[in-house]
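Mapped onto my numbering, the consecutive letters of the sequence shown carry residue numbers 66 to 317.
Okay, structure first, notes after.
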Amino acid sequence: MSNQFSPADLVVRGLTKSYNGHTAVLSGVNFAVAAGERVALIGANGAGKSTLLRCCMHLIQPDSGEVDLCGTRLEGLSAQKLRAVRSQVGFVFQKHNLVPRLSALTNVLHGAIPRTGFGRAWFQGLASEALRLEAMLCLERVGLTHVALQRADKLSGGQSQRIAIARALMQRPRLIVADEPAASLDPVAGDEVMSLFSQLVRAEGLTMIFTSHDLTHALNYADRIVALRGGVVVLDGRCSELDLKTLRAQYE
């Protein structure tokens with residue numbers, strides 16, 4: 066592996082996962098994501114990318130192996146302690162998972178729920194002035210203060226994903242995990258969202274791991290690329306040392 070394990074916000078050692086006791090999805094995966102690093106996870110459909118992300122967060126229990134997340138070993142943690150560790154992680158997925166009938170501002174406020182509880186952050190009318198101001202600042206970071214009071218179901222796909230990013234920032238995360246964040250967007254909107262996403266992560270000093278089928282996005286918006294094939298890491302290298310030809314070869 067090309068990356069040192071210390072300091073790291075995510076360390077994975079020997080991770081395995083099978084379904085139905087037969088189909089091996091992950092087979093002894095090892096890698097680490099250093100604090101402040103942006104890592105792209107690539108691989109063909111069925112390579113195990115999404116399963117790996119979920120196992121890293123223990124949203125899915127791995128069969129064996131170890132995961133250290135934000136400095137804490139996840140194995141054996143109680144549900145309460147596991148939630149506390151996950152509260153340091155902001156999630157952004159292909160489906161934006163916004164509440165359609167609520168405003169953009171309220172959806173951003175939801176990012177504060179892990180640290181404030183539902184009562185203070187579920188609806189903008191109930192939130193404190195300080196929380197609303199923080200949510201507006203997160204909207205400003207993604208260039209969408211002008212849609213703060215619009216319903217989420219009235220926004221474009223690109224705007225919805227920017228709101229999802231603002232919501233993740235509202236969580237005050239240490240690590241951002243994004244699963245195909247631009248896959249549902251057209252090429253122009255996808256490039257705009259990934260560029261913004263990458264710039265914000267770097268400006269905020271956050272760590273990011275994201276999956277992508279767009280190899281150009283992987284090269285342009287990550288510091289390092291990890292490729293999976295058949296549940297095994299087959300490439301782990303710095304973007305400065307890789308090119309599209311090398312990455313495409315991982316799909317052959």
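All residues carry an ideal CB built from backbone N, CA and C; glycine is no exception.
Cβ pair residue i, residue j closer than 9 Å
| i | j | result |
| --- | --- | --- |
| Thr-276 | Glu-245 | yes |
| Cys-120 | Leu-75 | no |
| Ser-83 | Lys-160 | no |
| Ala-268 | Met-259 | no |
| Gln-189 | Leu-204 | no |
| Met-122 | Val-154 | yes |
Distance, residue j Cα to residue i Cα
| i | j | result |
| --- | --- | --- |
| Gly-319 | Thr-116 | Only positions 66 to 317 of the chain appear in this structure, which leaves residue 319 out of reach. |
| Arg-197 | Leu-214 | 12 Å |
| Thr-272 | Ala-283 | 15 Å |
| Ala-112 | Gly-255 | 23 Å |
| Val-297 | Leu-312 | 15 Å |
| Pro-165 | Gln-224 | 13 Å |
| Pro-252 | Gly-141 | 42 Å |
| Glu-262 | Arg-78 | Residue identity check: residue 262 is Phe in the sequence provided, not Glu. Rounded to the nearest angstrom, the two C-alpha atoms are 28 Å apart. |
| Glu-306 | Arg-103 | 15 Å |
| His-151 | Ser-168 | According to the sequence displayed, residue 151 carries Arg and not His. Distance between the alpha carbons of Arg-151 and Ser-168 is about 25 Å. |
| Ala-200 | Leu-118 | 27 Å |
| Ala-243 | Pro-179 | 18 Å |
| Gly-270 | Gly-302 | 21 Å |
| Gln-145 | Thr-181 | 15 Å |
| Asn-110 | Thr-210 | 37 Å |
| Thr-88 | Ala-217 | 39 Å |
Residue environment, residue i, which counts as buried when at least 16 other CB atoms sit within 10 Å
| i | result |
| --- | --- |
| Asn-172 | buried |
| Leu-80 | buried |
| Pro-127 | buried |
| Lys-114 | buried |
| Leu-234 | buried |
| Pro-72 | exposed |
| Cys-308 | The question names Cys, yet the displayed sequence has Asp at residue 308. Asp-308 comes out exposed. |
| Asp-133 | buried |
| Arg-138 | exposed |
| Gly-208 | exposed |
| Gln-264 | exposed |
| Leu-124 | exposed |
| Ile-274 | buried |
| Arg-227 | buried |
| Gln-236 | buried |
Same chain, Cβ closer than 6 Å to residue i, five either side skipped, listed in chain order
| i | result |
| --- | --- |
| Ala-292 | Ile-107, Gly-108, Val-299, Leu-300, Gln-315 |
| Ala-229 | Val-157, His-161 |
| Ala-231 | Val-173, Cys-203, Leu-204, Val-207 |
| Ala-100 | Pro-72, Asp-74, Thr-272 |
Beta-carbon contacts of residue i that lie in its chain and below 7 Å, excluding the five residues immediately before and after
| i | result |
| --- | --- |
| Asn-85 | none |
| Lys-310 | none |
| Cys-304 | Leu-284, Ala-287, Asp-288, Arg-289, Ile-290 |
| Val-212 | Ala-169, Leu-220, Gln-224 |
| Ser-92 | Thr-81, Gly-296, Val-297 |
| Ala-186 | Leu-174, His-175, Ala-177, Ile-178, Ala-192, Leu-196 |
| Glu-257 | Gly-223 |
| Val-98 | Ala-73, Asp-74, Leu-75, Val-104, Thr-272, Ile-274 |
Whole alpha helix (DSSP H) elements within the stretch 78-110, 4-residue minimum: none
Alpha helix (DSSP H) segments (min. 4 residues) lying fully within the stretch 267-314: 280-286, 309-313
Completely contained alpha helix (DSSP H) runs for the stretch 122-175, where each covers 4 or more residues: 144-151, 169-174
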